[in-house]
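Line by line, the protein sequences give chains A and B.
Okay, so the first sequence: first residue is 149 according to this note's numbering, each after it adds one.
Okay, so the second sequence: first residue is 1150 according to this note's numbering, each after it adds one.
Even glycine gets a Cβ: it sits at the ideal position worked out from N, Cα and C.
All of these numbers come straight from a predicted model, not from anything done at the bench.
Contents: one structure, followed by commentary.
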Amino acid sequence: MARAEAAAAANNEADLASGESREPLDPTSVERLKKFYRDMLLIRRFEEKAGQLYGMGLIGGFCHLYIGQEAVVVGMQAALKPEDQLITTYRDHGHMLACGMDPAHVMAELTGRITGYSKGKGGSMHMFSREKNFFGGHGIVGANVPIGTGLAFADRYRNNGAVCLTYFGDGAANQGQVFESFNMAELWKLPVVYVIENNQYAMGTSLVRSTAEVHLYKRGASHNIPGEAVDGMDVEAVHAAGVKAVAWAREGNGPIILEMKTYRYRGHSMSDPAKYRTREEVQEVREKHDPIDTFGAKLVQRGVLRADELKAIDKEIRELINRAAEFAIDSPEPPPEELYADILK
Amino acid sequence: MTQILMPALSPTMEEGKLAKWHVKEGDSVKTGDILAEIETDKATMEFESIDEGRIAKLLVPEGAEGVKVNAPIAELAQDGEAAQPIAAARAPAPAAAPAPAELAPKIPSPLAGQVAPRSGAGEGATQRSAPSPSQPTTVLASDPAIPAGTEFVTITVREALRDAMAEEMRRDENVFLIGEEVAQYQGAYKVSQGLLEEFGARRVIDTPITEAGFTGLGVGAAFSGLKPIVEFMTFNFAMQAIDQIVNSSAKTLYMSGGQMGCPIVFRGPNGPAARVAAQHSQDYSSWFAHIPGLKVVSPYFAADAKGLLKAAIRDPNPVIFLENEIVYGRTFPVPKLEDFVLPIGKARIVREGAHVTLVAHSISVGLIMDAAEMLAKEGIEAELVDLRSLRPLDTATVIQSVKKTNRVVTVEQGWPICSIGSEIAAAVVEQAFDWLDAPPLRITGKDVPMPYAANLEKLALPSVADIIAAAKSVLYRA
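Next up, the structure:
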């Protein structure tokens, strides 16, 4: 928390200098801000623990951590109603936690146990919760985008007023089926918000090395889909953009694209040494733009939370995550009969 | 005098209806003038003149059905020959117009022969060999899904498919049809004819040409509980969307520990059509049959097309429904029942016999029926198994038959490597080895991309002669 306090001091000076107006501290917004902080920290601590368990051999295969990108999903999910849906690709742990799925059962899926959301048969990249309207968790880059568009199609078909948030990365943005989805979504005015989490690297290939037009919010231009670039390291900016975008889609205006400028601190997956960028680059983001530290500092500075309250939240979350990890380690593996279960309904 | 011939307006057209003449005898026509409207089994097309002259004689009356491709339909008098008698003009016809059999799309002739006559069909329709319309009725009569005394109506496979969709759409508001040209165009192969009118644009949805996109969209809609019928114009184009079919639709139930489900039907014509070459002529049966999490259905008869498509639409799993373009226009009896639904995963014994088991699905069922007729003339009684479903594959019915006949030949249009026949042969060897009196034989499409040239295309496909030879071979008869 020392970093948060330092950042708070720095921000305080900056704010005084710029004369930025502060949000009035009404109880609703205070609760929302606290929840932002708590949810982001929950994801951070969860992912750190997942990385640790991976190192211990308790989590296998591919494991893509969301550390650094927490503000995106936390800000966006807060803009949704319970009946709205979300879908994402394989860097999905944060999305599950942000939509209210139980960290213990998410972690148990990572450790391949029967208590996992997919009974241990999906793993890190393939988890779902019908209850929370979380439609995965998809391992094929970009393939979730037409599916999310189809969820929005179903909302329109039922005329239920719901919206689908379809998340994908800067890498997926180059997949052909993303453009196919954009075309249909605008043609049929489907209630879908495309959230491009631009963390600058498609695995090891930087945006400039892979993408002719690096401003991904312009990706819908040839389909007449409006787009906006958002500071994805600022949960309040994300939330504000999310509220507007969701309203746009809900009101029948069709799709909208939000390009979230964000950053992942860890490698693409646990096995990625991330040699394609410098340590200094990562360090720079961590120190100056960390979504949790900067937001924590703002909360202190605005008087929403005291530094010791931030610490208390952290302690509570660490304990929660430790219990989740214990649950995930202690749960049994799926019994052999699960091998042939749930192939067909 | 120039003869104007009935044109072939689609790769599979063998005959058509002269729906309307736009000219009358004595009219002068120029190149590009519309002469007539011709109705194929897929569409009504305008037919233009490629010559200039005066219409001397209309040889086919307006409204005539079953006019064979390349049959003379009018005579055109060109400069200075206006007075030539019609009879004289007709004389050179055989030379000027090659026999229809040579120019018509090269479908193996026994198949062509199975197209049942349409009412008012021309003389050519009598060439058909087998089966007689009563034969499938006999087959169907023993179907437990059809109560005794049920009335039958004779319709095309195309109509049976449309009726199945319409009935299910009436029954369940969640069922919708999506694909290229399914709505306003009435279906590229006219399968969805009339559905837009009845159900409207909300439930019969034309898409852009965007297979990966609309397949994924359908999968998403199915995840949320709707029941999409996704039409591929042909299954060749489904390769653009194979990832969504395999990775998204088939696996998600399993990967979600049973939480999700994908009640979706992917349907459209599969397998070689006629003269459309390699990229449009491929049988994907074994591709899809390979995938756990999918069901795969490939019927031949209209009744099965209807009963199984209704079952596929109701099924809570993704179902691949493989149709066949050449079979669309064939007519068969369909039971007149309010709600005729057949179980997926059951083969049908089409004909009983003691000497050899012939196994096929889709259009190849027509081939084994023809082969059986000819074998019977030589005293060989073939038992015919129409697989109908490829996943689950009803190996039990095949094994039971083989234990009776002790011999088996499989027939399919797909390639030989890892084919449906390969799977059947393996199952028979594993489960009925001691009953076999000869090694199982597989008749398949040849192991080549489909060639365009008519003669090569014919060589690439299984023929009745191939089947007869194989049947005799497993019986050790010359």
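For residue j and residue i, believed in contact at Cβ under 8 Å, the rounded distance
i	j	result
residue 1442 (chain B)	residue 492 (chain A)	7 Å
residue 1503 (chain B)	residue 1534 (chain B)	About 14 Å; that fails the 8 Å criterion.
residue 1367 (chain B)	residue 1304 (chain B)	Not quite, the Cβ-Cβ distance comes to about 27 Å (not below 8 Å), so this is no contact.
residue 1306 (chain B)	residue 1481 (chain B)	7 Å
residue 1314 (chain B)	residue 1394 (chain B)	At roughly 20 Å, the Cβ-Cβ gap does not stay under 8 Å, so residue 1314 (chain B) and residue 1394 (chain B) are not in contact.
residue 1203 (chain B)	residue 1226 (chain B)	5 Å
residue 294 (chain A)	residue 1362 (chain B)	5 Å
residue 285 (chain A)	residue 318 (chain A)	No, residue 285 (chain A) and residue 318 (chain A) are not in contact; Cβ-Cβ is about 19 Å, not under 8 Å.
Proximity winner among the options, relative to residue i (alpha-carbon distances)
i	options	result
residue 1584 (chain B)	B:1556, B:1459, B:1216	B:1556
residue 237 (chain A)	A:396, A:451, A:383, A:212	A:212
residue 216 (chain A)	A:231, A:210, A:191	A:191
residue 384 (chain A)	A:224, A:175, A:208	A:224
residue 204 (chain A)	A:177, A:186, A:259	A:259
residue 288 (chain A)	B:1376, B:1363, B:1206, B:1396	B:1396
residue 273 (chain A)	A:262, A:242, A:263, A:279	A:242
residue 1532 (chain B)	B:1517, B:1619, B:1538	B:1517
residue 1563 (chain B)	B:1168, B:1310, B:1599, B:1626	B:1599
residue 304 (chain A)	B:1301, B:1370, B:1339	B:1370
residue 1206 (chain B)	B:1612, B:1173, B:1376, B:1192	B:1173
residue 1452 (chain B)	B:1593, B:1420, B:1310	B:1310
residue 474 (chain A)	A:401, A:339, A:309, A:255	A:255
residue 310 (chain A)	A:348, A:387, A:398	A:398
residue 1494 (chain B)	B:1546, B:1506, B:1474, B:1484	B:1546
residue 1498 (chain B)	B:1529, B:1537, B:1561	B:1537
residue 230 (chain A)	A:220, A:249, A:218, A:240	A:249
residue 1501 (chain B)	B:1529, B:1513, B:1221	B:1529
residue 308 (chain A)	A:285, A:338, A:326, A:264	A:338
residue 425 (chain A)	A:393, A:350, A:245, A:486	A:350
residue 1372 (chain B)	B:1219, B:1408, B:1380, B:1338	B:1408
residue 419 (chain A)	A:450, A:361, A:279, A:199	A:199
residue 1589 (chain B)	B:1477, B:1565, B:1322, B:1623	B:1623
Per-residue burial, residue i [other beta carbons within 10 Å of its own, 16 or more giving buried]
i	result
residue 1591 (chain B)	buried
residue 495 (chain A)	This structure leaves residue 495 (chain A) out entirely; chain A is present only between 149 and 493.
residue 456 (chain A)	exposed
residue 1341 (chain B)	buried
residue 1180 (chain B)	exposed
residue 324 (chain A)	exposed
residue 1280 (chain B)	Residue confidence is low: residue 1280 (chain B) scores 44 on pLDDT, short of 50, so the model does not pin down where it sits. Its coordinate-derived value is still stated next. Buried, since its Cβ has 16 or more Cβ neighbours within 10 Å.
residue 1488 (chain B)	exposed
residue 1597 (chain B)	exposed
residue 504 (chain A)	The shown model of chain A, from 149 to 493, leaves out residue 504 (chain A), and the question about it has no answer.
residue 1609 (chain B)	buried
residue 367 (chain A)	buried
residue 333 (chain A)	buried
residue 189 (chain A)	buried
residue 1625 (chain B)	exposed
residue 412 (chain A)	buried
residue 1628 (chain B)	Any answer about residue 1628 (chain B) is impossible in this case: the structure gives chain B only from 1150 up to 1627.
Cβ-heavy atom distance, residue i to the ligand SAM, below 7 Å
i	result
residue 1301 (chain B)	Inclusion of the ligand SAM in the displayed structure is not the case, the ligand content being empty and no account of it being possible.
Worksheet item: Relative to chain A, which residues along the region 1357 to 1388 of chain B have a C-beta separation below 9 Å, given in chain order?
Response: 1357, 1359, 1360, 1361, 1362, 1363, 1364, 1365, 1366, 1367, 1368, 1369, 1370, 1371, 1372, 1373, 1374, 1375, 1377
Worksheet item: Do the region 1349 to 1356 of chain B and the region 267 to 283 of chain A make contact, defined as three or more Cβ pairs closer than 8 Å?
Response: no
Fill in: Three CB pairs or more closer than 8 Å across the region 1544 to 1564 of chain B and the region 1573 to 1593 of chain B
yes
Item to complete: Kindly confirm or deny that the region 1157 to 1164 of chain B and the region 1206 to 1221 of chain B touch, where touching means at least three C-beta pairs closer than 8 Å.
Response: yes
Worksheet item: So, do the region 344 to 364 of chain A and the region 405 to 423 of chain A have three or more beta carbon pairs nearer to each other than 8 Å?
Response: yes
Worksheet item: Would the region 1460 to 1478 of chain B and the region 1393 to 1412 of chain B be scored as touching if the rule is three or more Cβ pairs under 8 Å?
Response: yes
Worksheet item: Hey, is the region 1444 to 1451 of chain B in contact with the region 1467 to 1482 of chain B, meaning 3+ C-beta pairs nearer than 8 Å?
Response: yes
Practice prompt. Could you name the residues of the region 299 to 328 of chain A whose beta carbon sits closer than 7 Å to any beta carbon of chain B, in the order they occur along the chain?
Written response: 299, 301, 302, 305, 324, 325, 328
Fill in: contact_flag[the region 1378 to 1392 of chain B, the region 1420 to 1439 of chain B] where n(CB pairs < 8 Å) is 3 or more
yes
Discussion item. Counting only Cβ-Cβ distances shorter than 7 Å, please list the residues of the region 1402 to 1423 of chain B near chain A, keeping chain order.
Written reply: 1402, 1403, 1404, 1405, 1406, 1407, 1408, 1409, 1410
Practice prompt. Please determine if the region 1288 to 1295 of chain B and the region 1332 to 1352 of chain B are in contact, where contact requires at least 3 C-beta pairs separated by less than 8 Å.
Written response: no
Practice prompt. Say whether the region 1603 to 1612 of chain B touches the region 1531 to 1545 of chain B, bearing in mind that this needs 3 or more beta-carbon pairs closer than 8 Å, one atom from each stretch.
Written response: no
Worksheet item: Is it a yes or a no for the region 232 to 250 of chain A touching the region 299 to 318 of chain A, going by three-plus beta-carbon pairs under 8 Å?
Response: yes
Discussion item. Any C-beta of chain A within less than 8 Å: which residues of the region 1433 to 1448 of chain B qualify?
Written reply: 1441, 1442, 1444
Worksheet item: Is the region 366 to 378 of chain A in contact with the region 439 to 447 of chain A, if contact means three or more CB pairs nearer than 8 Å?
Response: no
Worksheet item: Does the region 1565 to 1581 of chain B touch the region 1515 to 1523 of chain B, meaning 3 or more C-beta pairs lie closer than 8 Å?
Response: no
Worksheet item: Using Cβ-Cβ distances below 7 Å, what residues of the region 191 to 212 of chain A are close to chain B?
Response: none
Practice prompt. Check each residue of the region 257 to 270 of chain A: if its Cβ is closer than 8 Å to any Cβ of chain B, include it; give the result in chain order.
Written response: 264, 265, 266, 267, 268, 269, 270
Worksheet item: Using Cβ-Cβ distances below 7 Å, what residues of the region 1464 to 1494 of chain B are close to chain A?
Response: 1465, 1466
Item to complete: Select from the region 1326 to 1340 of chain B all residues with a C-beta closer than 7 Å to any C-beta belonging to chain A, and list them in chain order.
Response: none
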